[in-house]
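Chemist: Sending over a structure as structure tokens; questions will come in a sec.
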Amino acid sequence: MKEKFLGIERWTTGFSMIAACVMLVIASGLGVFQIVTRFVLEQPAEWSEILIRVSLIWMVFLGIPMAFRQGAMVSVDVLYRWSPPRIKRVLDAVVSIAALALMLVILWWGWDYAMRGRVQSMAGLESLSMMWSYLALPVGSVFCLFGIVGNFLDPKRLELETAQ
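Reminder that position 27 of the sequence shown reads as 27 in UniProt numbering, one-by-one numbering, no gaps.
Okay, here's the thing in structure tokens:
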């Protein structure tokens, strides 16, 4: 069961990371496009700035699961380094429960914001609903849930290994 969950977690975290990278490429491309249209052509595209902002929001919320999976998020380094193995596992559980609780709150309120945002439109892109921006919160939270549980079941301490 553990290996099956970790397989699903690897897939979901990998997918979210690829999607985060795509969002970074989109934001970068739109940034270049905005510079060219604004300063070279002197006819700025009003819609590019909001799409950059939305893609960066999605990039962050889709990139967070990888940070959770690698153990690079909420951490109590000094306490963890000084603790015996049994206490380290208790610390892992406490941090995981706190992170899961935070993600569930973000999931709940993010979904609520997304549903409320259905009637709002984006400035510069009146044809798009703000729901698409707000959906980054619950979608990213769902991916984070897999990363947090995956890190608890198979801990990786990449930030502690490279810390000075």
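Glycine included, C-beta positions come from ideal geometry on N, C-alpha and C.
Taking the runs of the alpha helix (DSSP H) that are 4 residues or longer, which of them lie wholly in the stretch 71-128?
Modeler: 77-82, 85-116
Chemist: Taking the continuous alpha helix (DSSP H) assigned at Leu41, which residues delimit it?
Modeler: Run containing Leu41: none; DSSP gives neither H nor E here.
Chemist: Please report the distance separating the alpha-carbon of Gly124 from that of Leu24.
Modeler: Cα atoms of Gly124 and Leu24: separation of roughly 21 angstroms, rounded to the nearest angstrom.
Chemist: Is it true that the CB of Leu137 sits closer than 8 angstroms to the CB of Ile106?
Modeler: yes
Chemist: Taking only the alpha-carbon atoms, compute the straight-line gap between Leu104 and Val60 and give it to the nearest angstrom.
Modeler: Cα-Cα distance, rounded: 17 angstroms.
Chemist: State the DSSP-derived secondary structure class of Met131, mapped to helix, strand or coil.
Modeler: In the three-state scheme derived from DSSP, where H, G and I count as helix and E and B as strand, Met131 is classed as helix.
Chemist: May I ask you to verify whether the stretch 130-149 touches the stretch 48-60, counting CB pairs closer than 8 angstroms and requiring at least 3?
Modeler: yes
Chemist: Which residues mark the beginning and the end of the alpha helix (DSSP H) in which Pro138 is found?
Modeler: 136-153
Chemist: Looking at the structure shown, is Met1 part of a helix, part of a strand, or coil, going by DSSP?
Modeler: Looking at Met1 - three-state DSSP - the assignment turns out to be coil, as it is neither helix nor strand.
Chemist: Reducing DSSP to helix, strand and coil, say where Arg10 ends up.
Modeler: helix
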